[in-house]
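Plus 120 on top of the position in the sequence shown (first one is 1) and you've got my numbering.
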Amino acid sequence: LLKLPDGTVKVLVEGRERVEITDFVPHDDHFMAEARVLDETMGDEATVAALVRTVTEEFERYVKVRKNIPEEVVTAVSEA
């Protein structure tokens, strides 16, 4: 959790599985969703490698524009 000066709270989450949201239920102070797990399908190695390169290159371009990306994030993406 990261509380910002304006009172906003940012939360970093990591997905464990891919899902499709099947229902979205608003509550007074939070949201809830129902979801179903999606099957994992892998692409061929050459396509996956090309996509990883493309995403990494685009992220590096983004970092040059947005100077406030933490160095450990940049390193983690570059080494992936």
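All C-beta atoms in this analysis are idealised placements derived from N, C-alpha and C, irrespective of residue type, glycine included. A quick note: this is a predicted structure, and the numbers were derived from the prediction, not measured.
Taking the alpha-carbon positions, what's the residue i to residue j distance?
| i | j | result |
| --- | --- | --- |
| VAL131 | PRO190 | 16 Å |
| ASP148 | GLU137 | 27 Å |
| VAL194 | GLU178 | 12 Å |
| GLU192 | LEU171 | 22 Å |
| PHE144 | VAL129 | 22 Å |
| PHE151 | ASP126 | 22 Å |
With DSSP run on the structure shown, which of helix, strand or coil describes residue i?
| i | result |
| --- | --- |
| LEU171 | helix |
| ALA196 | helix |
| LYS187 | coil |
| GLU180 | helix |
| GLU137 | coil |
| GLU165 | helix |
List the DSSP bridge partners of residue i.
| i | result |
| --- | --- |
| GLU154 | ASP143 |
| LEU122 | LYS130 |
For residue i and residue j, which I take to be in contact (beta-carbon distance under 8 Å), what is that distance rounded to the nearest angstrom?
| i | j | result |
| --- | --- | --- |
| THR142 | GLU154 | 5 Å |
| ARG156 | GLU140 | 6 Å |
| THR176 | SER198 | 7 Å |
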